[in-house]
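Structure first, commentary second.
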Amino acid sequence: RHSPVERKIVDHKLSCYVLGRSGTGKTTTMLAKIFAMERTWIACGKATAKPRQLFITKSAVLANKVEQYYTRLARTILLSGSSEDLDQIPEYMGERISSSLLDRDEEGRQDLPRSFGDLTDEHFPLFTTVDQVCMRPLFGSSHHNINPVCCSCTTCWSSISMRWVPRGNLHQTKVRVNVSRVIKGSEPTLHLPGNILDRQSYLQYSGRSQATFADRRPHIYDLFESYIKLKRERRERDAADSHGRKLRLHRRTHRIIHGFQECNLSRIAVDFLYVDEAQDNLLIDAFVLRSLCRNPNGLFWAGDTAQTISLGSSFNFNELKAFNWRIERRKIAPHKNDFPPETFQLAVNYRSHAGIVDCARSVIDLITKFWPDSIDHLAREQAMVLGPKPVFYNDSECEDPRCLEQFFSAQNNVGATFTNGRLYAHMPCAGILVRDVITLQRLRSLLGEVPHIFTILDSKGLEFNDVLLYNFFADSAVEYSVWRIISRLSLNQATYTEVDVALCRELKSLYVSLTRARSRIWIVDCSVKAIPMRNFWAENDQIVYRHLNVSTDRHSSKKSVQRSSREEWAKSARKLFDSHLYADAARCFKQAHMPAEESVACAYLARQQASSHSTTTGEKNRARAFEDAAKAFSTSATHFEDSEDGLKYLRIAAECLTDAGQYLKAAETYLEAQQYQRAAQQFRKCGRFDRCIETIQSHRSSIDDDVASSLVHVARLHYLTKVQLSKASKLFASDDEILQFMEEHGLDAARAVACERMGKLLEAAELQLSEGHKVKAIQLFLKHGSADAFARAEDCLLEELWLHFSYAIPVRPHADVDQLLQLAEELVRSSDSISRHFRTQVRGSSRHNLEPYLTVVAYLSLRSSPPPSPKI
Numbered sequence: 003r004h005s006p007v008e009r010k011i012v013d014h015k016l017s018c019y020v021l022g023r024s025g026t027g028k029t030t031t032m033l034a035k036i037f038a039m040e041r042t043w044i045a046c047g048k049a050t051a052k053p054r055q056l057f058i059t060k061s062a063v064l065a066n067k068v069e070q071y072y073t074r075l076a077r078t079i080l081l082s083g084s085s086e087d088l089d090q091i092p093e094y095m096g097e098r099i100s101s102s103l104l105d106r107d108e109e110g111r112q113d114l115p116r117s118f119g120d121l122t123d124e125h126f127p128l129f130t131t132v133d134q135v136c137m138r139p140l141f142g143s144s145h146h147n148i149n150p151v152c153c154s155c156t157t158c159w160s161s162i163s164m165r166w167v168p169r170g171n172l173h174q175t176k177v178r179v180n181v182s183r184v185i186k187g188s189e190p191t192l193h194l195p196g197n198i199l200d201r202q203s204y205l206q207y208s209g210r211s212q213a214t215f216a217d218r219r220p221h222i223y224d225l226f227e228s229y230i231k232l233k234r235e236r237r238e239r240d241a242a243d244s245h246g247r248k249l250r251l252h253r254r255t256h257r258i259i260h261g262f263q264e265c266n267l268s269r270i271a272v273d274f275l276y277v278d279e280a281q282d283n284l285l286i287d288a289f290v291l292r293s294l295c296r297n298p299n300g301l302f303w304a305g306d307t308a309q310t311i312s313l314g315s316s317f318n319f320n321e322l323k324a325f326n327w328r329i330e331r332r333k334i335a336p337h338k339n340d341f342p343p344e345t346f347q348l349a350v351n352y353r354s355h356a357g358i359v360d361c362a363r364s365v366i367d368l369i370t371k372f373w374p375d376s377i378d379h380l381a382r383e384q385a386m387v388l389g390p391k392p393v394f395y396n397d398s399e400c401e402d403p404r405c406l407e408q409f410f411s412a413q414n415n416v417g418a419t420f421t422n423g424r425l426y427a428h429m430p431c432a433g434i435l436v437r438d439v440i441t442l443q444r445l446r447s448l449l450g451e452v453p454h455i456f457t458i459l460d461s462k463g464l465e466f467n468d469v470l471l472y473n474f475f476a477d478s479a480v481e482y483s484v485w486r487i488i489s490r491l492s493l494n495q496a497t498y499t500e501v502d503v504a505l506c507r508e509l510k511s512l513y514v515s516l517t518r519a520r521s522r523i524w525i526v527d528c529s530v531k532a533i534p535m536r537n538f539w540a541e542n543d544q545i546v547y548r549h550l551n552v553s554t555d556r557h558s559s560k561k562s563v564q565r566s567s568r569e570e571w572a573k574s575a576r577k578l579f580d581s582h583l584y585a586d587a588a589r590c591f592k593q594a595h596m597p598a599e600e601s602v603a604c605a606y607l608a609r610q611q612a613s614s615h616s617t618t619t620g621e622k623n624r625a626r627a628f629e630d631a632a633k634a635f636s637t638s639a640t641h642f643e644d645s646e647d648g649l650k651y652l653r654i655a656a657e658c659l660t661d662a663g664q665y666l667k668a669a670e671t672y673l674e675a676q677q678y679q680r681a682a683q684q685f686r687k688c689g690r691f692d693r694c695i696e697t698i699q700s701h702r703s704s705i706d707d708d709v710a711s712s713l714v715h716v717a718r719l720h721y722l723t724k725v726q727l728s729k730a731s732k733l734f735a736s737d738d739e740i741l742q743f744m745e746e747h748g749l750d751a752a753r754a755v756a757c758e759r760m761g762k763l764l765e766a767a768e769l770q771l772s773e774g775h776k777v778k779a780i781q782l783f784l785k786h787g788s789a790d791a792f793a794r795a796e797d798c799l800l801e802e803l804w805l806h807f808s809y810a811i812p813v814r815p816h817a818d819v820d821q822l823l824q825l826a827e828e829l830v831r832s833s834d835s836i837s838r839h840f841r842t843q844v845r846g847s848s849r850h851n852l853e854p855y856l857t858v859v860a861y862l863s864l865r866s867s868p869p870p871s872p873k874i
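If you read the sequence shown in the working numbering, its first letter stands for residue 3, the second for the next number, and so on.
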């Protein structure tokens, strides 16, 4: 059943925007609309072409879950219909539901055609990600393909962060996102040289739409310029994300946009486009996505602006709307949208109860009041059910982090166990959120291997039944005097220009922390900075106070924590793994007694840590870290020898070896993983062309034609350059083909040898002569035996002899001299008519005797070409 607003969205015939917080049913409404479109087409007897519907989101995990849900929904509803209706569900849908423990964002869609242009009606509705669309070539192997720019090196952000974090009180990730979204990914970059905002353009960029860092722009641009300079000095490229394999989004998008100008998009266009979590994309990505839809009334943009704040994102839907309006205005009919898209808001939260929703909404009220342009204005969010208010602990005992043991105490029979005073287990659906990694590590050293301790940034996308927010205010970089501004809520004229924007960022992070919980929230903080916000909540009756004492906590926490099953630990581990939190996933797999999966998580963690190495830490350290990661993946593969997963782990091990510079080992591992194309490429990279060609010939059907042709071409050049004709000849269909190849590439040395072997002696002799091999050329002329060849040999011989025996020039030892004289003996008999001139030149030389020179004298006499008289 749908609410009236949801039904209105599903029945809406034009393009629209749907805004709502997490848990308000945006994705569900999208699915209902996709399914309604499919059923309408079937009900109309398929009188028209099947509507091509494309669902796009940022996360591959979400795309996969949405596809699975759609498949179950479609099969359930259509089971009551005809079998013909069931056939309308694409066969591949539902078959990708797998327990494989792999990075889904990285693996992509192996079940789809190689190019976007090869998709057929049977592939729709299609559920995929923005990256998969952009990484997939548009038209097979044509020259219009837009290939992504892959990055193998790490960035310099961590290197320069030590200098600027203390000064600017800015989080590295937040600044990096602002650089990506504004300096590199905003609308003006489409028209600027290099597709990057210059300093002046950045400083003058709209403060209303980009309010989050309005007070730090000069400093941020200084950091950006330092980053570019340092990156250039180190010859690095934009790095990978947390697991080391992310594209440079702004450059990728701009390349695609430039490629669109040369492509006919009619083959790849879809009829209906559904963009979920739109806030996770760059603004210029909207142009790419809009270009994929031929129907101006078939656009559905949905997002949760609250989810952008965890990374300091500058996204807001008003800017997206204005950008799309300008795009439509430039279009011509019939692709122009004459009806402006309607905006819908979903305000009912189906996930959290009123206690949490009301408290989080009060934070949004503060942000909206002081910084009205920093967040989209939505209707007041409401919950379906009542629930307990967040509990605030501000006792002085809170300063000691060991107080957190009372929330998960083994003495309360909750399933936790202590060993040597350390806590080793607690329920997997509760999480502790802290400010930074330093606090996280300190808690872990005190509490033991507690799986669910996260920084607020890492908690994005995660949900827990219970959340404990620890020292949020105490660890804040914002001073108490700034937090006190909250008391100015009653001032009607307050705007974002009057209040420190740093407080806006703090409140956004606070909102993210609160919305991670489904059932209960505990806030533990006794700092003075917490007083203004605590009083604000108390005045609005949105929190309750509790004292941190043994009796109270035992009573309150007995109900809160229960023994967790292995299945619960495994489920929690899988969610953490999909969020790239591999260390926490490994601990949960350990609690679930799943050693194979634990080894996989540890392998991904090793690769993640290796990717974090920059060139400043040393190439040897970086290479060693990737080798360790490769060993970890190879070990993981042994746990899955009888499945496809084992081969995939071997493939990842080979990728790590490639990053480590161990190309031969990588090639061997790729072979073991049955990745024959990559194996051949790595054999080529390390100069093992015999193995490269052997791999291509043994597994030709597994290697792309273009790749195979390229590798064979390089192998031909390699063999012929080294004059290895026996190996090179196996790569050509005929002698004429190999001769033509050598002629086109200027490989005269190899061509000469080939001509000699083919009996083309005159051609071989001339080629040897052009290469400077005079003796060999004369021998080939003489071997040919024709009168013309004999005369050519005489001319070459005389020319060479004069170089060595000119008058007044002492004879220098030379390897070719003896060979030249031997050749002369074959041409003439002995004569001494002019030998006195040569005796003068060779007198005193112990290396030569006179007889060969007399032969030369006689030959010169016969040629009637006596040398000129020597100068006296």
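Virtual Cβ for every residue (Gly too), placed ideally from N, Cα, C. Quantities reported herein were computed from a predicted structural model and do not represent experimental measurements.
Assigned with DSSP and collapsed to three states, Glu227 falls in helix.
Contact annotation, Ala519 with Ser354: C-beta distance approximately 7 Å; criterion of less than 8 Å satisfied.
The three-state reading of DSSP puts Ala432 in strand, counting E and B together. For the pair Asp460 and Ala362, the Cα-to-Cα distance works out to about 19 Å. By alpha-carbon distance to Glu330, the top candidate from Asn299, Arg568, Gln347, Asp360 is Asn299.
With a cutoff of 7 Å on beta-carbon distance, Leu769 and Arg753 are scored as near each other. Under the three-state reduction of DSSP, Arg77 is assigned to helix.
Residues of the same chain with a CB within less than 6 Å of the CB of Ala767, apart from the 5 flanking positions on each side, are Ala779, Leu782, Phe783 in chain order. The Cβ-Cβ distance between Ala65 and Thr73 does not fall below 7 Å.
DSSP, reduced to helix, strand and coil, places Trp373 outside both helices and strands of the structure shown, so it counts as coil. Take the alpha-carbon of Ala669 and the one of Pro6: they are about 59 Å apart. Note on geometry: alpha-carbon atoms of Val602 and Ser638 lie some 6 Å from one another. Ranked by how close their Cα comes to the Cα of Val725, the residues Ser704, Gly748, Asp708, Asp707 have Gly748 in first place. In the three-state reduction of the DSSP assignment, Thr131 falls in the strand class, which pools E and B. Using a Cβ distance threshold of 7 Å, Ala662 and Glu629 count as a contacting pair. Residue state for Tyr472 is assigned as strand, using DSSP reduced to three classes. Considered as a whole, the segment 35–80 harbours 62–80 as its complete alpha helix (DSSP H) runs of no fewer than 4 residues, in chain order. Fewer than three beta-carbon pairs drawn from the segment 19–34 and the segment 42–54 are found closer than 8 Å, and the two stretches are therefore not classed as touching. Our two residues, Trp327 and Arg77, have alpha carbons roughly 38 Å apart in a direct line.
Apart from the 5 residues on each side of it in sequence, Pro342 sits with its Cβ closer than 8 Å to the Cβ of Trp327 in its chain, given in chain order.
One Cα belongs to Ile230, the other to Arg219, and the distance between them is close to 16 Å. Where Gly648 is concerned, there is no enclosing beta strand (DSSP E), although the alpha helix (DSSP H) around it starts and stops at 646–661. Using a Cβ distance threshold of 7 Å, Ala655 and Ser636 count as a contacting pair. The alpha-carbon of Ile705 is positioned some 39 Å away from that of Leu75. Per DSSP, the continuous beta strand (DSSP E) segment holding Val393 begins and ends at 393–395.
When only Cα atoms are considered, Gln443 and Leu449 end up about 10 Å apart.
Per the coordinates, the alpha-carbon of Met744 lies some 50 Å from the alpha-carbon of Leu56.
Using a Cβ distance threshold of 7 Å, Val393 and Trp524 count as a contacting pair. With distances taken between CA atoms, Tyr678 lies nearest to Leu713 out of Leu713, Cys400, Gln664. Beta-bridge partners of Gly22 (DSSP): Leu348. According to DSSP, residue pairing for Gln384 in a beta bridge involves Val350. Among the bridge pairs identified by DSSP, Phe466 is matched with Ala519. A direct Cα-to-Cα measurement between Leu659 and Leu649 gives close to 15 Å. Listed in chain order, the non-local C-beta contacts of Glu599 below 6 Å within the same chain comprise Leu103, Phe591, local neighbours out to five positions each way being set aside.
The C-beta separation of Arg548 from Tyr395 comes to about 6 Å, placing the pair in contact by the 8 Å criterion.
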